[in-house]
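Here's the structure, in structure tokens; my notes come after.
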Ligand code: AR6
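In the working numbering, the protein residues as written are -10 to 160.
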């Protein structure tokens, strides 16, 4: 589908309307891409996350919330929480699909045209990369089939392994 692109690089540098953060339920930041986004975007993002925590007590696995992009080029950060891989029988696949789907829904609700996703759950949370890539592509594909407002979804891969997987699957 020509509204899907793949690139290898740092998501914090992307010039898109929104970048997605692979956050945790606390929304208080962490390592991996979460740490990189808060470092690059500055304290405003964490402040807004704190306000969301006060209102709704964080973000459940598979759900998503939105803040501004702070100092980032991206106007918004959509924070979603992927599942921790626990062997595969804890609804991990559905929860990962939900994280992509709910992020896209939030994007549409905020008139976002271009959005970049990291490879949610495939770092610290240990989700097998091949299966995660299939779920990510399938979910985005299904979403775009029923939505015309999003112009481009970028899969921003960080490591070579994910980049190769996505390129192969999207051929
Ligand atoms: N740009 C794009 N992708 C990145 C970047 C970056 N700057 N840095 C890392 N990645 P992870 P998770 C990739 O561990 O598995 C945090 O502590 C990385 O190579 O960031 O969902 C949160 O607070 C991997 O492919 O997220 C949570 O506690 C992908 O981003 C927990 O980690 C996701 O890896 C979430 O774990």
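Glycine residues also receive a C-beta, built at the ideal position from the N, C-alpha and C atoms.
Open item on the list: I'd like the span of the beta strand (DSSP E) that includes residue 9, first residue to last.
Closed with: 7 to 11
- [ ] Compute every distance between the C-beta of residue 148 and the non-hydrogen atoms of the ligand AR6, then say whether any falls below 8 Å.
- [x] yes
Open item on the list: Rounding to the nearest angstrom, what Cα-Cα distance links residue 154 and residue 99 in this structure?
Closed with: 30 Å
Task: Straight-line Cα distance separating residue 108 from residue 81 - done: 14 Å
TODO: Provide the residue(s) that pair with residue 57 in DSSP beta bridges, ordered along the chain.
DONE: The partner list for residue 57 (beta bridge, DSSP) reads 65.
Task: Backbone secondary structure at residue 38 - three-state DSSP - done: helix
Task: First and last residue of the uninterrupted alpha helix (DSSP H) at residue 95 - done: From DSSP, the alpha helix (DSSP H) with residue 95 extends over 81 to 98.
- [ ] To the nearest angstrom, report how far apart residue 160 and residue 29 are at their CA atoms.
- [x] 32 Å
Open item on the list: Nearer than 8 Å: is that true of the beta carbon of residue 114 relative to any heavy atom of the ligand AR6?
Closed with: Within 8 Å of the C-beta of residue 114 there is at least one heavy atom belonging to the ligand AR6.
- [ ] Take every Cβ of the stretch 77 to 97, pair it with every Cβ of the stretch 122 to 137, and state whether three or more of those distances are shorter than 8 Å.
- [x] Taking 8 Å as the limit for Cβ pairs, the verdict is that the stretch 122 to 137 does touch the stretch 77 to 97.
Open item on the list: Looking at residue 9: is its Cβ nearer than 9 Å to the Cβ of residue 67?
Closed with: A contact, by the Cβ cut-off of 9 Å.
TODO: Return helix, strand or coil for residue 3, following the three-state DSSP convention.
DONE: In the structure shown, residue 3 sits in coil (DSSP, three-state: anything other than H, G, I, E or B).
Task: Burial state of residue -9, where buried means 16 or more other Cβ atoms lie within 10 Å - done: The residue in question, residue -9, is exposed, as its Cβ has fewer than 16 Cβ neighbours within 10 Å.
Open item on the list: At a cut-off of 8 Å, would you count residue 104 as near the ligand AR6, judging by its Cβ distance to the nearest heavy atom?
Closed with: no
Task: Contact check, residue 90 vs residue 132, beta carbons under 9 Å - done: yes
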